[in-house]
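Some notes on the structure that comes next.
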Amino acid sequence: MRILVTGATGYVGSRLVTALLADGHKVLAASRNLARLRRLGWSDDVTPVLLDASDPASARAAMDAAGHIDVVYYLVHGIGQPGFRDSDNAAAANVAVAARAAGVRRIVYLGGFVPDAPKTRRCPST
1 MRILVTGATG YVGSRLVTAL LADGHKVLAA SRNLARLRRL GWSDDVTPVL LDASDPASAR
61 AAMDAAGHID VVYYLVHGIG QPGFRDSDNA AAANVAVAAR AAGVRRIVYL GGFVPDAPKT
121 RRCPST
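Note that the UniProt record's numbering has the sequence shown beginning at 1, numbered continuously upward.
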């Protein structure tokens with residue numbers, strides 16, 4: 001499969017790229033800073049793709065440059081930055097819209113936050 005990994009230079013993304021390559025997939029590694037990709041041991045085995053998820057035009061250009069993509073792994077998150085929830089949602093939407101327009105049929109989104117909700121009997125006390 002041809003797989004685009006966004007956030008490829010992050011903790012999860014860099015390990016996912018390694019696993020996908022080991023399984024024989026064609027990996028396109030997306031980053032807003034291509035120099036960071038070159039620091040990783042698998043950089044010669046992937047196709048680098050410039051992508052700033054916060055910019056809709058960049059997301060569209062990345063999908064166009066990538067060509068056919070079977071799956072996008074969305075691993076981009078701005079945790080700890082002011083207004084990160086809103087900016088995270090907007091960035092994910094940018095990539096989703098661009099991926100859909102490019103004919104991508106599957107996006108795997110890794111999220112790490114659970115919405116605030118009152119505890120119920122099913123939720124253990126913390």
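Heads up, the beta-carbon is just placed ideally off N, CA and C, and yes, glycines get one too. Being a predicted model, the structure only gives us computed values, none of them experimental.
Where residue i falls, given that 16 or more other Cβ within 10 Å makes a residue buried
i	result
A8	buried
Y74	buried
V46	buried
L16	buried
M63	buried
N94	buried
A91	buried
A35	exposed
Length of the line joining the Cα atoms of residue i and residue j
i	j	result
R105	T18	23 Å
R60	A102	8 Å
H77	D23	26 Å
D88	P48	22 Å
S14	V5	9 Å
L20	V12	12 Å
H68	V27	12 Å
H25	V72	13 Å
A96	R39	28 Å
D55	D86	14 Å
A30	L110	15 Å
Per DSSP, the bridge partner or partners of residue i
i	result
T9	DSSP output for T9 lists no bridge partner at all.
G29	Before going on, a small fix: residue 29 reads as Ala here, not Gly. According to DSSP, A29 bridges with V5 and P48.
I69	DSSP output for I69 lists no bridge partner at all.
V108	Y73
Residue i vs residue j beta-carbon contact at 9 Å
i	j	result
S58	D52	yes
A65	R2	no
8 Å contact criterion, which residue i and residue j should meet: CB distance rounded
i	j	result
A98	I107	About 11 Å separates the two Cβ atoms, so there is no contact after all.
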